[in-house]
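Trainee: When we follow full-length UniProt numbering, the leftmost residue of the sequence shown carries the number 1, and every step to the right adds one.
Supplied in structure tokens, the structure appears directly below.
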Amino acid sequence: LGPRALRAEIERAQHTIAGATGVSPRFFRAPAGLRSPLLDPLLQRLGLRLASWTRRGFDTVDQHPARVLGALTRALGPGDILLLHDGHAARTSGGTAVVLEVLPRLLAAVRDAGLQPVTLRAALP
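Written out as structure tokens, the structure reads:
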């Protein structure tokens with residue numbers, strides 16, 4: 001996208017999110033993590049911070065919950081941002097969305113590591 005189209009798309013998304021939640025977003029996650037040289041100055045002008053992830057489980061393509069969990073928790077530490085998807089998830093051989101199998105185990109692993117899940121707003125004030 002060019003600069004104008006990119007700005008218009010981000011502004012429309014922010015307006016939609018604010019309308020649905022009553023809260024103006026402070027963060028932007030680039031689709032698929034793709035960035036362009038136009039993005040950082042645009043986000044700054046729009047008052048948004050780029051939020052990316054430090055760990056991804058590949059839960060949209062890997063149908064094995066143990067592997068997804070391992071990718072997310074191996075050497076997990078404070079400040080890590082985990083990427084999971086609530087849509088388009090891979091499915092286990094039994095037909096369950098992988099994320100639904102992983103999430104309870106992930107939360108237990110986080111607790112066992114002495115970590116506390118927080119929102120981006122809390123982590124990046």
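Even for Gly, the Cβ is constructed at its ideal location relative to N, Cα and C.
The alpha helix (DSSP H) that contains residue 73, what's its start and end?
Mentor: Residue 73 -> alpha helix (DSSP H) spans 65–73.
Trainee: Alpha carbon to alpha carbon, how far is residue 16 from residue 67? Give it in angstroms, no decimals.
Mentor: If you take the alpha carbons of residue 67 and residue 16, they lie about 35 Å apart.
Trainee: With DSSP as the reference, label residue 29 as helix, strand or coil.
Mentor: Of the three classes helix, strand and coil, the one that applies to residue 29 here is coil, per DSSP.
Trainee: Looking only at its chain, what residues have a beta carbon closer than 8 Å to the beta carbon of residue 35, apart from the 5 residues adjacent to it on each side?
Mentor: Closer than 8 Å at Cβ, skipping near neighbours: 50.
Trainee: Tell me whether residue 37 is buried or exposed, calling it buried when 16 or more other Cβ atoms sit within 10 Å of its Cβ.
Mentor: Exposed is the call here.
Trainee: For residue 91, I'd like the list of residues in its chain whose CB is within less than 7 Å of its CB, leaving aside the five on either flank, ordered along the chain.
Mentor: Once the five neighbours on either side are set aside, the close Cβ partners of residue 91 are 63, 97 and 98.
Trainee: Are there 16 or more other CB atoms within 10 angstroms of the CB of residue 101, so buried, or fewer, so exposed?
Mentor: It is buried - the Cβ of residue 101 has at least 16 other Cβ atoms within 10 Å.
Trainee: Please classify residue 113: does DSSP put it in a helix, a strand, or coil?
Mentor: If DSSP states are grouped into helix, strand and coil, residue 113 belongs with coil.
Trainee: On a Cα-Cα basis, can you pick out the residue from 73, 53 and 83 that is closest to residue 60?
Mentor: That would be 83, whose Cα lies nearest to the Cα of residue 60.
Trainee: What does the alpha-carbon distance come out to for the pair residue 53 and residue 78?
Mentor: One C-alpha to the other measures close to 13 Å.
Trainee: Start and end of the alpha helix (DSSP H) containing residue 35?
Mentor: Element bounds for residue 35: n/a, residue is neither H nor E.
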